[in-house]
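Q: Just passing along the structure, written as structure tokens.
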Amino acid sequence: MELKGKVWRYGDNIDTDVIIPARYLNVFTPKELAAHCMEDIDKSFAKNVKDGDIMVGGRNFGCGSSREHAPIAIKASGIPVIIAHSFARIFYRNGINVGLPLLEIGDDVEKIHAGDELRVDPENGTIDDITTGDHFKAHPLPGFVQEIAKAGGLINYIKSKKG
Amino acid sequence: MGMNMTEKILAQHAGLESVAPGDIVTCNLDMVLANDITAPPSIKEFEKIGRPVFDNTKIALVPDHFQPAKDIKSAGLAKIVRDFAHKNHIVNYFEQGRVGIEHVILPEFGIVGPGMLTIGADSHTCTYGALNGFSTGVGSTDLAVAMATGKAWFKVPEAIKVELTGKKPAGINGKDVILTLIGMIGVDGALYQSLEFAGEGVASLTMTDRLTISNMAIEAGGKNGIFPFDEQTKAYEDAHMKKPYTPVAPDDDAKYARTVTINLSELKPVVAFPHLPGNTKRVCDIKEPIKIDQVVIGSCTNGRLEDLEIAASIMKGHKVDENVRCIVIPGSQAIYKEAMHRGYMDTFIDAGCVVSCPTCGPCLGGYMGIMTAGERCVSTTNRNFIGRMGDTTSEIYLAGPHVAAASAILGRIAVPEEVE
Ligand code: SF4
């Protein structure tokens, strides 16, 4: 699967409270959550994000609460993959579990800018920045986690195991 | 090779002789937890799996975040949880009037304890490390699978040893310890790692201190934050735990990625400035007075009896500053009742505080103390992210109950010594 999209660029320690504020957690339908995604730091995101756009963050992306509503809100906004320096642990797990690929690329993330056009292959972990001509390689997922990602999330994985 | 506490619990629950950092293991779970926000999506995913619950005695459902329901939609969330609990005969479901904040009541009711492995769809599930258990937060899908299978996978984390030296002085509590640590290592200082507390200083920390400290392991990015089992843990469990349990101790040759040392004797009251728990400063180093509009004393971090005792002892005979709203929220019904018996509630009400039933309420910007633009709060909660307690321009300063109570009286960030 190859993805191509424009970058929404955010900084370090993007927490789950800004991804989807708790005041909207009295619902859990993906579309309703997406309507408020990122609004506390970027009011333009929910309005202007296009299907296939790519989110890029800094260190410790998704820190804070365990709310799975956060990766769900991002995914329902049309974002097919998140790239970051590093992810907070629970967010990382949740992303994989709900079938949203997450790529960690460390310091290379500094070379990706807002509005850049990226070509991403989440399975191989390859990223081409079409705007700057840079190429990056993400840290690979552990084998077992790769299987969950390939199945499209944990529920599908468990169901496939059951046979 | 020797193992640390986290490795031992993971190995035991995976049926393995030993584990090492980086191993991926599948473990049997002793308890799985969700609340009124995280259980509904979890229940939806659970139903897709099409299996019964693995064990109706090992699931805890605690409707504490937006309950008693703050609006119609939240009432709907509570109903999903209630219906699921009744249908599946969930033993540890708590209806309004019997409920408290999840991480306060689970230890109190002896539902979690030493050597146990718990996951919860709430990031502060790491609280139970204080009791010498391994516990960590997960999302709703992991929880759904756990409710169906009784298992979860873990990557064995590297450990940071937090060596506590010296002795906790009077006027210092667990919040000062953990804020100091997060200030030292940063909000991602323990990313993918576990925190293992050790050293002679541990003995001077009460169980309440330890629960506060383990609670905020996640604020340093940690997977868990675990304390050794000692006489205090035993005394606590003698009073709370009805089941047998197996404590763990680290081997002498246990491996740690690094060691961080904190001398408890030197600690001073600490606050975390907006908008990260790692933006810490000692109150004595604050140069300009920081005026405040609100104080919150409560939450799974500092809503225990000892926290209320500290706050009440400072507030007794004083009034909350006329420009401040001070909201006090006991963490459980038992704490509420005991605080009433001991006269703390009289003290709070006489001082002009709002006293609420147990709930998460303002901690996550739910209800009961939401701030408007530009307002400032000193809060004993655990997160001061942008917009966490209301408007995106409001500010949260995290502190312990001692600083919170003194600040409420003086209308600015203060330490108890400044209260006449
Ligand atoms: S008190 Fe706050 S941090 Fe604790 S469980 Fe409730 S919302 Fe979460």
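As given, the protein sequences belong to chains S and W, one line each in that order.
Under the numbering used here, the letters of the first sequence match residues 23 to 185, in that order.
Under the numbering used here, the letters of the second sequence match residues 13 to 432, in that order.
The C-beta atom is built at its ideal place from N, Cα and C for all residues, glycine as well.
1. Since I309(W) is in the alpha helix (DSSP H), which residue starts that stretch and which ends it?
2. Using a Cβ-Cβ cut-off of 6 Å (strictly less than) and excluding sequence neighbours within five positions of A417(W), which residues of its own chain qualify?
3. For the region 394 to 406 of chain W, which residues have a beta carbon sitting closer than 7 Å to at least one beta carbon of chain S?
4. Below 8 Å on C-beta distance, what does N35(S) contact in chain W?
5. Starting from N275(W), follow its DSSP beta bridges and name the residues at the other end.
6. For the beta strand (DSSP E) that T148(W) lies in, which residues bound it at each end?
7. Going by DSSP, what residue range makes up the beta strand (DSSP E) through T245(W)?
8. Flag S152(W) as yes when its Cβ comes closer than 7 Å to any non-hydrogen atom of the ligand SF4, and as no otherwise.
9. Given that a residue counts as buried once 16 or more other Cβ atoms are within 10 Å of its Cβ, and exposed if not, what is Q79(W)?
10. Going along chain S in order, which residues have a C-beta closer than 9 Å to the C-beta of A133(W)?
11. Note down the Cα distance separating K254(W) from V49(S), rounded to an integer number of angstroms.
12. Taking the beta carbon of D62(S) as the centre, do at least 16 other beta carbons fall within 10 Å, making it buried, or is it exposed?
13. By how many angstroms is the C-alpha of L410(W) removed from the C-alpha of K303(W)?
14. Using a beta-carbon distance cut-off of less than 8 Å, what residues from the region 40 to 70 of chain S approach chain W?
15. Below 8 Å on the Cβ atoms is my contact criterion, and I expect T137(W) with D42(W) to pass it. Report the Cβ-Cβ distance as a whole number of Å.
16. Should P110(W) be labelled buried (16 or more other beta-carbon atoms within 10 Å of its own) or exposed?
17. Can you tell me the Cα-Cα spacing of E318(W) and S152(W), whole angstroms?
18. Which runs of the alpha helix (DSSP H), 4 residues or longer, sit entirely within the region 151 to 220 of chain W?
19. Hey, out of I225(W), M219(W) and I172(W), whose CA is closest to Q205(W)'s CA?
20. With DSSP collapsed to three states, give me the class of G185(S).
21. Show which residues of chain S have a CB atom less than 8 Å away from the CB atom of K60(W).
22. Under three-state DSSP, which class holds H25(W)?
23. For the putative contact between L203(W) and S108(S), defined by C-beta atoms under 8 Å, what is the C-beta separation to the nearest angstrom?
24. What residues in its chain sit with their C-beta under 7 Å from that of E169(S), if we drop five residues either side in the sequence?
25. Since V214(W) and I61(W) are thought to touch, with beta carbons under 8 Å apart, how far apart are those beta carbons, to the nearest angstrom?
26. Write down the C-beta distance between A133(W) and V150(W) rounded to the nearest angstrom, noting that I regard them as a contact closer than 8 Å.
27. Leaving aside the five residues before and after A98(S) along the sequence, list all residues of the same chain whose C-beta is less than 7 Å from its C-beta, in chain order.
28. Output, in chain order, the set of chain S residues within a Cβ distance shorter than 8 Å of K167(W).
29. Among residues of its own chain, excluding the 5 on either side of T392(W), which ones have a beta-carbon nearer than 8 Å to its beta-carbon?
30. Interface residues of chain W around I112(S) at Cβ under 7 Å?
31. Is there a Cβ from chain S that is less than 8 Å from the Cβ of E387(W)?
32. Pick from I36(W), R63(W), M401(W) and A251(W): whose alpha carbon is nearest that of E170(W)?
33. Can N394(W) be considered in contact with the ligand SF4, in the sense that its beta carbon sits closer than 7 Å to one or more heavy atoms?
34. Determine the chain S residues that contact I435(W) at a beta-carbon separation under 9 Å, and present them in chain order.
35. Looking only at its chain, what residues have a beta carbon closer than 7 Å to the beta carbon of D75(S), apart from the 5 residues adjacent to it on each side?
36. So, does the region 343 to 350 of chain W touch the region 420 to 432 of chain W, judging by three or more C-beta pairs under 8 Å?
A: In terms of the structure at hand:
1. Not the alpha helix (DSSP H): I309(W) falls in the beta strand (DSSP E), residues Q306 to I309.
2. A323, I326 and M327
3. Of all residues in the region 394 to 406 of chain W, R395, F397, I398, G399, R400 and T404 have a Cβ within less than 7 Å of some Cβ in chain S.
4. The contacting residues are V199, D200 and L288.
5. T177(W)
6. F146 to G149
7. Premise fails: T245(W) lies in the alpha helix (DSSP H), E243 to H252, not in any beta strand (DSSP E).
8. no
9. Its Cβ being crowded by 16 or more others within 10 Å, Q79(W) is buried.
10. Proximity of chain S to A133(W) at the Cβ level (cut-off 9 Å) is accounted for by S88, R89 and E90, in chain order.
11. 37 Å
12. buried
13. 14 Å
14. Within the region 40 to 70 of chain S, the residues whose Cβ lies closer than 8 Å to some Cβ of chain W are V40, P43, A44, R45, L47, N48, V49, F50, D62 and I63, listed in chain order.
15. Actually they do not touch by this definition, with Cβ atoms about 12 Å apart.
16. Reading off the sequence, residue 110(W) comes out as Arg, not Pro. By the 10 Å Cβ count, R110(W) comes out exposed.
17. 32 Å
18. 152 to 161 and 186 to 197
19. I172(W)
20. The predicted model places G185(S) with a pLDDT of 45, which falls under 50 and marks its position as unreliable; any figure quoted below should be read in that light. DSSP places G185(S) in coil when its eight states are reduced to three.
21. In chain order: I177 and K181.
22. helix
23. 6 Å
24. Y179
25. Not quite, the Cβ-Cβ distance comes to about 41 Å (not below 8 Å), so this is no contact.
26. 6 Å
27. Within the same chain, A98(S) has close Cβ partners P52, K53, L55 and A56.
28. Scanning chain S for C-beta atoms nearer than 8 Å to the C-beta of K167(W) yields P164, reported in chain order.
29. K187, V308, I309, G310, S311, T313, N314, G315, D319, L410, A411, G412, P413 and A416
30. Per Cβ cutoff of 7 Å: S135, G149, V150 and G151.
31. Not one beta carbon of chain S lies nearer than 8 Å to the beta carbon of E387(W).
32. I36(W)
33. yes
34. The first residue shown for chain W is 13 and the last is 432, placing residue 435(W) beyond what the model contains.
35. G27, K28, W30, G100 and I101
36. no
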